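Just so you know, the sequences run in chain order Y and C.
In terms of the numbering used here, the first sequence opens at residue 145 and continues consecutively.
In terms of the numbering used here, the second sequence opens at residue 68 and continues consecutively.
Note that CB positions come from ideal geometry on N, CA and C, so glycine has one too.
Just so you know, these numbers come straight off a predicted model, no measurement behind them.
Written out below as structure tokens is the structure these notes cover.
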Amino acid sequence: MRLRILPFLIFAFVPLSIPSFALPSSKNTISIPGMLSNKVVLFQAFPYEVKPGGSLNLSGSGFSTKSNTVSFGGGIKVEATSTNGFNLKVMVPNTLSEGTYKLSVSNILGSSENPNIPVSVKITSNPISEPIITSAIFNIDTITLKGKGFTSTNGLITTMGNLNGAISTTGTELSFKVSDLSDYLKVKNTKKTASLSLPIWIFIQNEHGVSKTAYSVNIKIQ
Amino acid sequence: MKRFILVLFAVVTLGFPIATFAQVPGSPFGGFVNFSIPCTCSGTLWVYFTPLYLSNVPITGPLVYSPFSTILFAQYAIGVPSTWELGGYIPGVQACWIVCGPACCPLPSLGLMTKVGTGL
Chain Y
145 MRLRILPFLI
155 FAFVPLSIPS
165 FALPSSKNTI
175 SIPGMLSNKV
185 VLFQAFPYEV
195 KPGGSLNLSG
205 SGFSTKSNTV
215 SFGGGIKVEA
225 TSTNGFNLKV
235 MVPNTLSEGT
245 YKLSVSNILG
255 SSENPNIPVS
265 VKITSNPISE
275 PIITSAIFNI
285 DTITLKGKGF
295 TSTNGLITTM
305 GNLNGAISTT
315 GTELSFKVSD
325 LSDYLKVKNT
335 KKTASLSLPI
345 WIFIQNEHGV
355 SKTAYSVNIK
365 IQ
Chain C
68 MKRFILVLFA
78 VVTLGFPIAT
88 FAQVPGSPFG
98 GFVNFSIPCT
108 CSGTLWVYFT
118 PLYLSNVPIT
128 GPLVYSPFST
138 ILFAQYAIGV
148 PSTWELGGYI
158 PGVQACWIVC
168 GPACCPLPSL
178 GLMTKVGTGL
């Protein structure tokens, strides 16, 4: 008779032991998997340049589904709610004057302020779009990027290191040597065969912001 | 009394393996580390594998190790180039953010490691 309760006893252990990969907490905040739980973190505000009265999409972790306070430069504050814990849509106050503002999000978990993670936005009446990469071609040692919003000085952030000062004269095309990237030799030294083929992911950054997503291009290191 | 002991024995021997398995969700992976990149915003580690086995067909690609959620096994040398690693992962999780200009940027990966061990 007691054996009939055996399956229930066994499965009673399972719910107790499942870790919090979904991670909704009793505080109405949701942390994304892999992130420090019980902490609010702000990673990105998009777009970088925005008009007063415009909207911003914030990305992070630990946002509340009930109440978050978004602070512009520590001064003007706006209330916002998140549906999933990692995205937050915020309206920029009309009263905000032009300038660059550091952003932070506060909720029941605390504040996202962290000197190592600078997240800022530029409030301007004439916002210009961030650079966008639409195609990339690799040839021998050179990558040629095509897109829009490139300026006279662009920074490249890649999975093979960074490169500052890449110049675009046309605004739509930009070339750089893979061997000029800061971690090129580190990756090249891991090569066990005659050549190593792998993709690199590229972000481009200038005074109007950073490309929202990385563009991937396959390269070959001889 | 005998039945009670039998039930207790069954719970201990059957219950705990199920519980342990349930603790670490995810699909298996194994691969050879090329190089790794510290995710400077999220505090995680982006690890590129060549080859990477997610099935019996080898591919190449990155997975992310998180000190906040990945269970680490011996030899604890995660992301060290030229080491073999074996573990579990959950696909489609954005867990690596790097500093780029006035914000952080999401570095794409194939997923988040749930557990990992290193063969030296």
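Would you verify that the beta carbon of residue i is, or is not, closer than 9 Å to some beta carbon of chain C?
| i | result |
| --- | --- |
| I261 (chain Y) | yes |
| A189 (chain Y) | yes |
| G254 (chain Y) | no |
| D327 (chain Y) | yes |
| F216 (chain Y) | no |
| I301 (chain Y) | yes |
| T286 (chain Y) | no |
| T334 (chain Y) | yes |
| K330 (chain Y) | yes |
Once you ignore the five residues that flank residue i on each side, which residues in its own chain have a CB closer than 6 Å to its CB?
| i | result |
| --- | --- |
| N362 (chain Y) | P343 |
| I104 (chain C) | W113 |
Skipping 5 residues on each side, what residues in its chain have a beta carbon closer than 7 Å to that of residue i?
| i | result |
| --- | --- |
| F99 (chain C) | F116, T117, P118 and W151 |
| T137 (chain C) | M180, T181, K182 and V183 |
| V124 (chain C) | none |
| K321 (chain Y) | D285 and T286 |
| V185 (chain Y) | M179, G204, S205, G206 and S256 |
| F216 (chain Y) | L240, Y245 and L247 |
What distance in whole Å lies between the Cβ atoms of residue j and residue i, which are believed to be in contact at a cut-off of 8 Å?
| i | j | result |
| --- | --- | --- |
| G178 (chain C) | L112 (chain C) | Rounded, the Cβ-Cβ distance is 14 Å, inconsistent with contact. |
| T227 (chain Y) | N212 (chain Y) | That pair is no contact at about 12 Å. |
| L253 (chain Y) | G206 (chain Y) | 5 Å |
| F230 (chain Y) | S203 (chain Y) | 6 Å |
| N172 (chain Y) | T209 (chain Y) | 5 Å |
| G155 (chain C) | F96 (chain C) | 7 Å |
If you drop the 5 nearest sequence neighbours on each side, which residues of the same chain put their C-beta closer than 8 Å to that of residue i?
| i | result |
| --- | --- |
| K292 (chain Y) | S273, P275, I276, T278, G315 and T316 |
| F88 (chain C) | Annotation note: pLDDT 46 at F88 (chain C) (below 50); position unreliable, coordinate value reported separately. There are no such residues. |
| K364 (chain Y) | F282, S339, L340 and S341 |
Quick one: what's residue i bridged to in DSSP?
| i | result |
| --- | --- |
| E257 (chain Y) | Paired residue(s): none; E257 (chain Y) is not in a bridge. |
| F99 (chain C) | C:W151 |
| V263 (chain Y) | According to DSSP, V263 (chain Y) bridges with nothing at all. |
| V234 (chain Y) | Y:L200 |
If we cut at 9 Å on Cβ distances, does residue i have a partner in chain Y?
| i | result |
| --- | --- |
| T185 (chain C) | no |
| I145 (chain C) | no |
| L110 (chain C) | Looking at the sequence itself, residue 110 (chain C) is Gly, so the reference to Leu does not match. Cβ-Cβ to chain Y under 9 Å: yes for G110 (chain C). |
| F96 (chain C) | no |
| K182 (chain C) | no |
Closer than 9 Å, CB to CB, is residue i near chain B or not?
| i | result |
| --- | --- |
| P177 (chain Y) | Checking the listed chains, one finds no chain B in this structure; the protein chains it contains are Y and C. |
Please list, in chain order, the residues of the stretch 148-179 of chain C that have any C-beta partner in chain Y closer than 9 Å. P148, S149, I157, V160, Q161, A162, C163, W164, I165, V166, C167, G168, P169, A170, C171, C172, P173, L174, P175 and L179
Quick one, which residues of the stretch 117-139 of chain C are near chain Y if we go by CB-CB under 7 Å, in chain order? T117, T127, V131, S133, F135 and S136
Quick one: which residues of the stretch 216-242 of chain Y get their C-beta closer than 7 Å to a C-beta of chain C? List them in chain order. Taking 7 Å as the Cβ-Cβ cut-off against chain C, none of the residues of the stretch 216-242 of chain Y qualify.
Any C-beta of chain C within less than 9 Å: which residues of the stretch 348-359 of chain Y qualify? Flagged, chain order: Q349, N350, G353, V354, S355, K356, T357 and A358.
Taking a cut of 9 Å between CB atoms, which residues from the stretch 262-280 of chain Y lie near chain C? Contact annotation: in the stretch 262-280 of chain Y, residues whose CB is within less than 9 Å of a CB in chain C are P262, V263, S264, V265 and K266.
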